[in-house]
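The next block holds one structure in the form of structure tokens; read it before the comments.
Protein chains: 2
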Amino acid sequence: MGERENKKQRTRRDLADAAVGLFTEHGYDQVTMADVAALAGVSRRTAFRYFPSKEDLVMDYPIAWLQVFEESIEANQGRPLSVRIRTAGHAVAAFIQSDPVAVKQLSALAFAHPALAAKYVSSTRRWAQRLTVEIERDLDGGPEAAAHAQMLAAAVMGIIDSVCEIWATTDQPMEPLLDQGLDLLAAPLSAAAGGHS
Amino acid sequence: MGERENKKQRTRRDLADAAVGLFTEHGYDQVTMADVAALAGVSRRTAFRYFPSKEDLVMDYPIAWLQVFEESIEANQGRPLSVRIRTAGHAVAAFIQSDPVAVKQLSALAFAHPALAAKYVSSTRRWAQRLTVEIERDLDGGPEAAAHAQMLAAAVMGIIDSVCEIWATTDQPMEPLLDQGLDLLAAPLSAAAGGHS
DNA sequence: AGGGAATTGTCACTCAGTGCCAATCGTTGG
DNA sequence: CCAACGATTGGCACTGAGTGACAATTCCCT
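Residue numbers (our numbering), protein chains in the order written: chain E, 4 to 200; chain U, 4 to 200.
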């Protein structure tokens, strides 16, 4: 918490801001890592120390949402799974709307470029695995429970991804979308998961 | 038909085979495009002309499955959507099992490496869009039908992806997995889609 | 056989990403 | 306040993916 930590956080934000600005103005492919570093006032090498890849420059917020999602899932251990997932979704929506920066612009950027979309989607795979073990626990381990849980988790993440995408690229509010999406999986979610009392 | 087309197909296969062999033996990151090209007996530049990126060396078969899926969807225009999707899934399973090469080894490779998994998943996004318009047509255009269709398509693709992944990384047969997975979405699929008579 | 088009190889380049080392800056103890 | 220490930074050089341009080669057609 000294000057050092302070400066690091500032540099990180400078880089991310410079990236979003340059990317939206000139396009992701036309901007080099050196450009971003220069605008942020650091060397190319340092930029790579803060963000291991060019794509990561834009992934801070999406990653943060997923973290909120996971924390909310874990915070409500006792409840039925369907409720926990829905609650977590709304926590993410609240988190996003409380955010001062131009998250939407950033998200639209991420979903527009194939490389960024791929990076984002692949980062959701980790959370899908996390969701899988959660669902599996609620399933009380039948024989093919593992596969069942994995597929259900993939479906949930698919819906969450597309909710984010629709929200980022249109003007629809997030909460109704989320409810509508999760309703699609209401039956399998509540069927197998009544809380593990 | 001529010698030219013949040779091109052979070169393409040589490159893909060389890639799978080298990747499984030494690991994706340890093998360079030059290595693959050398083993296939062509220049580095030519290798890039056949496969626009290193990842694509391994994507021919996954892409082919998705194509089979789409063709089956289109071939059964009259039927209810849920039936069409299920039928298409089984068409893919049949296609895979009729395949002489070590598809499974290749698939396991693709799902193991983050870059390859990302590439594959992002390629499924195009088919999800295709599925979306199909679902949307069956929905008879309600007000928020577009979003509904997009989310449902994402869920279907999520399930298909994870079916492929489970199949590639375990010993479970594909068809039961697919049926089990699509059952999760039985309600929303059949509810809104009774064929458009 | 020979002209023409497609394919291939070579060269040179940009840029992402990384290891290494010296310089610099913030921190901490005197 | 100063010196020593450790963390951060910048510069340099390198590997490897991907691309454009052009000359050489190969196949096709007449």
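Backbone N, C-alpha and C define an ideal beta-carbon position, used for all residues, glycine too.
Under a CB-based cut-off of 9 Å, is residue i close to chain U?
i               : result
M177 of chain E : no
E168 of chain E : yes
L18 of chain E  : no
S110 of chain E : no
P117 of chain E : yes
Q183 of chain E : yes
R133 of chain E : no
S85 of chain E  : no
G197 of chain E : Model confidence at G197 of chain E stands at a pLDDT of 48, short of 50, so the residue's coordinates are unreliable; what they give is reported in the following sentence. So no, G197 of chain E is outside the interface.
D186 of chain E : yes
T35 of chain E  : no
R128 of chain E : yes
L25 of chain E  : no
S193 of chain E : no
L180 of chain E : yes
Is the beta carbon of residue i less than 9 Å from the beta carbon of residue j?
i               : j               : result
L185 of chain E : V159 of chain E : yes
L60 of chain U  : F114 of chain U : no
S110 of chain E : A171 of chain E : yes
A105 of chain E : F54 of chain E  : no
A50 of chain U  : V39 of chain U  : yes
Y31 of chain U  : L112 of chain U : yes
A21 of chain E  : L42 of chain E  : yes
L192 of chain U : I76 of chain U  : no
L119 of chain E : M177 of chain E : no
V86 of chain E  : R128 of chain U : no
I169 of chain U : G161 of chain E : no
D17 of chain U  : Y64 of chain U  : no
E137 of chain E : P179 of chain U : no
Between residue i and the rest of its own chain, which residues show a CB-CB distance below 6 Å, the 5 nearest in sequence each way excluded?
i               : result
V71 of chain U  : A94, V95, F98
K57 of chain U  : M36
R15 of chain E  : Y53
R13 of chain U  : none
L187 of chain U : none
H116 of chain E : Y31
V23 of chain E  : L109
G92 of chain E  : L181
Less than 7 Å between C-beta atoms, sequence neighbours within five positions excluded: which residues of the same chain meet that for residue i?
i               : result
A149 of chain U : E139
G198 of chain E : Low confidence applies to G198 of chain E: its pLDDT is 45, below 50, so where it sits in the model is not reliable, and the reading given next is rough at best. Counting only Cβ-Cβ distances below 7 Å, and skipping sequence neighbours, we find G81, R82, P83.
T135 of chain E : A152, Q153, A156
K122 of chain U : E58, M62
Q175 of chain E : I169
R133 of chain U : E73
K107 of chain E : A171
Compare the C-beta of residue i with all C-beta atoms of chain E and state if any pair is closer than 9 Å.
i               : result
I162 of chain U : yes
A122 of chain U : The sequence given here has Lys at residue 122 of chain U, not Ala. For K122 of chain U, the answer is yes, since a Cβ of chain E falls inside 9 Å of its Cβ.
L60 of chain U  : no
T49 of chain U  : no
A91 of chain U  : no
A190 of chain U : yes
R125 of chain U : Correcting the residue type first, residue 125 of chain U is Ser in the shown sequence and not Arg. So, interface residue.
S165 of chain U : yes
S200 of chain U : Residue placement at S200 of chain U cannot be trusted, given a pLDDT of 39 that sits under 50; the coordinates are not used to answer.
T173 of chain U : yes
R13 of chain U  : no
For residue i, which residues in the same chain have their Cβ closer than 8 Å to its Cβ, ignoring the five residues on either side in sequence?
i               : result
S165 of chain E : G184
W130 of chain U : L69, F72, E73, M160
A189 of chain E : S85
T90 of chain U  : S75, N79, R82
S46 of chain U  : A40
**OP:** Name, going along the chain, the residues of the segment 143 to 158 of chain U whose beta-carbon falls closer than 9 Å to a beta-carbon of chain E.
**Re:** E147, A149, A150, H151, Q153, M154, L155, A156, A157, A158
Original post:
At what residue ranges does the segment 63 to 149 of chain E contain a whole run of the alpha helix (DSSP H), taking only runs of 4 or more?
Top reply: 63 to 78, 84 to 100, 106 to 115, 117 to 141
Original post:
Got a sec: which bits of the segment 52 to 80 of chain U sit with their beta carbon under 8 Å from any beta carbon on chain E, in order along the chain?
Top reply: Listed by position along the chain: nothing, the set is empty.
**OP:** Please list the segments of the alpha helix (DSSP H) lying wholly inside the segment 11 to 40 of chain E, counting only runs of 4 or more residues, in order along the chain.
**Re:** none
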